[in-house]
Amino acid sequence: DDLFKINGGIVRDLATAIATTAPKAFVLVISNPVNSTVPIVAEVFKSHNVYDPKRRYLLRLFGVTTLDVVRASTFLADVGGDVSNAPSITVPVLGGHSGVTILPILSQATPSLPANLSQTDIETLTKRIQFGGDEVVKAKDGAGSATLSMAYAGAEFAIKILKAVKGEGEAIVTQSYVDLTADPEGGKKVLEEIGTPLDYFSVSVKLGPSGIEKILPIGELNEYEKGLLKAAIPELQDNITKGATFITGAPKL
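Each number in the numbering used here comes from the position in the sequence shown (counting from 1) with 21 added on.
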């Protein structure tokens, strides 16, 4: 709660400055709790009438979840015995950016998981990805949290955005916590897969010069991953409401 109150106020003020001076800017939100701070930015933009999909403003709002993606590939490479292989491993990480809302879709990893990886190993790896931040805090003995890795993740995402804006290379696909209405068709498909109304979700997105070009489907999940998704939804709903009502006031009962 303390982190939310402090960062929530900072993000609100930054969002106000952006909305009033540079509403067409690409806004990459990395301040935790991202599940709540992205809705804060959106609500501030709405209050200034600059959150309009027709003018493509909401296509440029991103919650940066790249740290989870980096951890997933790194930890999976570690399981395989050679962490230097991490850059060649891709694991989509969906949902949100804290604890149980982080959904590493290991069944969709490229290359595929090692054949000798047991279900217990998969569950242990999943928990490590979800709570990697706690591991860092423990290693630092309370003297700090993930800072260097967060900076790296932020830079990686920013580079993807810059390449997309300049139209460099082929389609750039990455994961980000976004407003699902940024691509109504793609967002609707994701909501059908989730089975529960949510305004925001970390999904695979195709980036282009305007920002979000397309929200991609979640794809096939195994039974374990379906259970992870089910467990994530209530917390995501609470996080989203908490962020939105920080700007709009108490929710109606």
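Think of the CB as a built atom: it goes at the ideal place given N, C-alpha and C, for glycine as much as any other residue.
These numbers were taken from a predicted model, which means no experiment stands behind them.
Counted within 10 angstroms of its Cβ, other Cβ atoms place residue i as buried (16 or more) or exposed
| i | result |
| --- | --- |
| L176 | The question names Leu, yet the displayed sequence has Ala at residue 176. When all chains shown are included, A176 counts as exposed. |
| P54 | buried |
| Q151 | buried |
| P218 | exposed |
| N260 | buried |
| T58 | buried |
| P125 | buried |
| D23 | exposed |
| L250 | buried |
| I254 | buried |
| D220 | buried |
| A174 | buried |
| V104 | exposed |
| L257 | buried |
Contact under 8 Å by Cβ, residue i with residue j
| i | j | result |
| --- | --- | --- |
| S197 | L115 | no |
| A130 | I110 | yes |
| G29 | R92 | no |
| N56 | T122 | yes |
| V50 | F83 | yes |
| S128 | E246 | yes |
| A40 | V71 | yes |
| V186 | P132 | no |
| S52 | I268 | no |
| K181 | I193 | yes |
Neighbourhood of residue i by C-beta distance below 7 Å, restricted to the same chain and skipping five residues each side
| i | result |
| --- | --- |
| V341 | Missing from the structure shown is residue 341; the chain here goes from 22 to 274 and no further. |
| E234 | K227, L228 |
| V158 | S166 |
| T86 | V55, V114, H118, Q196, S197, Y198, S223 |
| D204 | I233, K235, I236 |
| L274 | With a pLDDT of 40 at L274, under the threshold of 50, the modelled position of this residue cannot be trusted; read the value that follows with caution. Result list for L274: empty, nothing under 7 Å. |
Opposing strand residues paired with residue i [DSSP bridges]
| i | result |
| --- | --- |
| K235 | K227 |
| S94 | DSSP lists no partner for S94. |
| T41 | Per DSSP, none; premise fails for T41. |
| F83 | L49 |
| Y221 | D200 |
| P125 | V114 |
| V194 | K227 |
| T131 | T111 |
Beta-carbon contacts of residue i that lie in its chain and below 6 Å, excluding the five residues immediately before and after
| i | result |
| --- | --- |
| D89 | V114, I123 |
| M171 | L88 |
| F66 | A40, Y72 |
| G207 | K235, I236 |
| R149 | F96 |
| A265 | P60, E64 |
| K263 | S57 |
Nonlocal neighbours in the same chain, by C-beta distance under 8 Å from residue i, ignoring five residues either side
| i | result |
| --- | --- |
| L242 | I126, S128, L250 |
| E156 | R149 |
| G120 | Q151, F152, E256 |
| G102 | none |
| P44 | F66, H69, V71, Y78 |
| D142 | V100 |
> For the 8 Å Cβ check, are there 3 or more pairs between the stretch 52-64 and the stretch 27-43?
Replying inline: yes
> Are the stretch 96-110 and the stretch 78-87 touching, with three or more C-beta to C-beta distances below 8 Å?
Replying inline: Proximity of the stretch 96-110 to the stretch 78-87 falls short of the contact definition, fewer than three beta-carbon pairs being nearer than 8 Å.
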